[in-house]
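Asker: Take a look at this one; I'll ask things after.
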Amino acid sequence: MKKTIKTSLAAFAFAAMCASCSTTTPITATSNPVGNKCGEASTTRIFGLGGSANVGINAAAKNGGITKISHVDFSTKSFLGIVTTYTTRVYGE
Numbered sequence: 041m042k043k044t045i046k047t048s049l050a051a052f053a054f055a056a057m058c059a060s061c062s063t064t065t066p067i068t069a070t071s072n073p074v075g076n077k078c079g080e081a082s083t084t085r086i087f088g089l090g091g092s093a094n095v096g097i098n099a100a101a102k103n104g105g106i107t108k109i110s111h112v113d114f115s116t117k118s119f120l121g122i123v124t125t126y127t128t129r130v131y132g133e
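Here it is, written out as structure tokens:
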């Protein structure tokens with residue numbers, strides 16, 4: 041019985057350590073047609089520190105060579121709240 045409990049606790053601890061959460065939120069849309077280009081700007085922060093400060097729409101559009109934006113998505117991916125990645129994706133022509 042003790043072995044089963046220890047194994048269960050170890051499995052739970054491993055699953056908790058590997059847990060992550062990801063959300064994607066649409067930010068804006070325009071009347072421009074959906075293009076075939078996608079630009080991305082992202083940064084990773086550890087305990088909320090570090091990372092690039094430029095993850096805006098302008099930086100993502102520039103990275104994708106986009107001049108006419110059709111829509112923008114913003115996503116956040118977090119690993120136990122320790123390591124968090126912020127990404128802005130811009131779609132257009």
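Start counting the sequence shown at 41; every next residue gets the next number (our numbering). Even glycine gets a Cβ: it sits at the ideal position worked out from N, Cα and C.
My output table needs one value for G79: the three-state DSSP class, helix, strand or coil.
Answerer: strand
Asker: Confirm, please, whether the CB-CB distance from Y131 to S82 is below 8 Å.
Answerer: By the CB criterion at 8 Å, S82 and Y131 fall outside the cutoff.
Asker: For I97, report the span of its alpha helix (DSSP H) as first-last.
Answerer: Element bounds for I97: I97 to G104.
Asker: What did DSSP end up calling S118 once you bin it into helix, strand or coil?
Answerer: strand
Asker: Does the separation of the CB atoms of S110 and T64 fall below 8 Å?
Answerer: no
Asker: On the three-state DSSP scale, how would you describe T44?
Answerer: Residue state, collapsed to three classes: helix.
Asker: Mark A51 as exposed unless 16 or more other C-beta atoms lie within 10 angstroms of its C-beta, in which case mark it buried.
Answerer: By the neighbour-count rule (16 or more Cβ atoms within 10 Å), A51 is not buried but exposed.
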